[in-house]
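In my numbering, the protein residues as written are 48 to 122. Just so you know, even glycine gets a beta-carbon here, dropped at the ideal spot from N, CA and C. Remember, predicted model here, so these are calculated numbers, not experimental data.
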Amino acid sequence: KAATTAEVRLDVIANISGEVVDLLALKSAGVVPENTLRAKVIASGEISNGVTVKGLSVTAGAQKAIEAAGGKVEE
(Lines of atoms letter the chains of each structure in order from A and count residues from 1; the text may use other names and numbers.)
(Lines give C-alpha, C1' and ligand atoms only; values in the text may rest on other atoms or scores of the structure.)
Protein backbone atom coordinates (compact mmCIF):
# COMPACT_ATOMS: atom_id res chain seq x y z
CA LYS A 1 0.00 0.00 0.00
CA ALA A 2 1.25 3.45 -0.88
CA ALA A 3 1.51 5.98 1.92
CA THR A 4 -1.52 8.20 1.90
CA THR A 5 -1.16 11.93 2.48
CA ALA A 6 -4.21 14.18 2.68
CA GLU A 7 -4.41 17.94 2.31
CA VAL A 8 -6.71 19.67 4.77
CA ARG A 9 -7.97 23.24 4.41
CA LEU A 10 -7.90 25.76 7.27
CA ASP A 11 -11.68 26.16 7.21
CA VAL A 12 -12.05 22.38 7.68
CA ILE A 13 -9.68 22.49 10.70
CA ALA A 14 -11.76 25.35 12.13
CA ASN A 15 -14.91 23.19 12.08
CA ILE A 16 -13.46 20.25 14.00
CA SER A 17 -14.63 20.18 17.60
CA GLY A 18 -12.00 20.15 20.30
CA GLU A 19 -8.95 22.25 21.03
CA VAL A 20 -6.34 19.87 19.60
CA VAL A 21 -6.42 18.80 15.97
CA ASP A 22 -4.25 15.81 15.08
CA LEU A 23 -4.47 12.94 12.60
CA LEU A 24 -6.81 10.97 14.88
CA ALA A 25 -9.16 13.96 15.21
CA LEU A 26 -9.22 14.34 11.41
CA LYS A 27 -10.08 10.65 11.00
CA SER A 28 -12.74 10.77 13.74
CA ALA A 29 -14.38 13.77 12.07
CA GLY A 30 -14.39 11.93 8.74
CA VAL A 31 -12.18 14.60 7.15
CA VAL A 32 -9.54 12.14 5.95
CA PRO A 33 -9.83 8.40 5.15
CA GLU A 34 -8.87 5.85 7.82
CA ASN A 35 -5.80 4.75 5.82
CA THR A 36 -4.29 8.25 5.83
CA LEU A 37 -0.78 8.24 7.31
CA ARG A 38 0.01 11.95 7.02
CA ALA A 39 -1.96 15.13 6.63
CA LYS A 40 -0.87 18.60 5.55
CA VAL A 41 -2.77 21.73 6.52
CA ILE A 42 -2.93 24.21 3.65
CA ALA A 43 -3.73 27.92 3.78
CA SER A 44 -7.10 27.73 2.07
CA GLY A 45 -10.18 29.15 3.76
CA GLU A 46 -10.19 30.98 7.06
CA ILE A 47 -9.74 30.06 10.69
CA SER A 48 -10.80 32.24 13.60
CA ASN A 49 -10.72 29.85 16.55
CA GLY A 50 -7.48 29.13 18.38
CA VAL A 51 -6.76 25.44 17.94
CA THR A 52 -3.57 23.49 18.52
CA VAL A 53 -2.50 21.57 15.43
CA LYS A 54 -0.39 18.63 16.56
CA GLY A 55 1.76 16.26 14.51
CA LEU A 56 0.57 17.49 11.11
CA SER A 57 2.57 19.20 8.37
CA VAL A 58 1.54 22.80 7.99
CA THR A 59 2.35 25.23 5.18
CA ALA A 60 3.94 28.54 6.19
CA GLY A 61 0.77 30.46 5.30
CA ALA A 62 -1.42 28.07 7.27
CA GLN A 63 0.85 28.36 10.31
CA LYS A 64 0.63 32.16 10.19
CA ALA A 65 -3.17 32.00 10.02
CA ILE A 66 -3.41 29.48 12.87
CA GLU A 67 -1.13 31.60 15.08
CA ALA A 68 -2.96 34.82 14.15
CA ALA A 69 -6.20 33.16 15.31
CA GLY A 70 -4.62 32.43 18.69
CA GLY A 71 -3.72 28.82 17.97
CA LYS A 72 -0.39 27.04 17.74
CA VAL A 73 1.39 24.36 15.78
CA GLU A 74 3.21 21.54 17.61
CA GLU A 75 5.33 18.68 16.27
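Expressed to the nearest angstrom, what Euclidean distance is found between the alpha-carbon atoms of Ala-61 and Val-98?
8 Å
Over what stretch of residues does the beta strand (DSSP E) that includes Val-100 continue unbroken?
That run of the beta strand (DSSP E) goes 99-101.
For Lys-87 and Gly-65, what's the separation of their Cα atoms in angstroms?
For Lys-87 and Gly-65, the distance between alpha carbons rounds to 19 Å.
Can you give me the start and stop residues for the beta strand (DSSP E) that Val-59 sits inside?
Counting along the chain, Val-59 falls outside any beta strand (DSSP E), though it belongs to the alpha helix (DSSP H) covering 57-61.
Where the beta strand (DSSP E) through Ile-89 begins and ends:
85-89
Mind checking Gly-118: buried by the 16 CB within 10 Å criterion, or exposed?
buried
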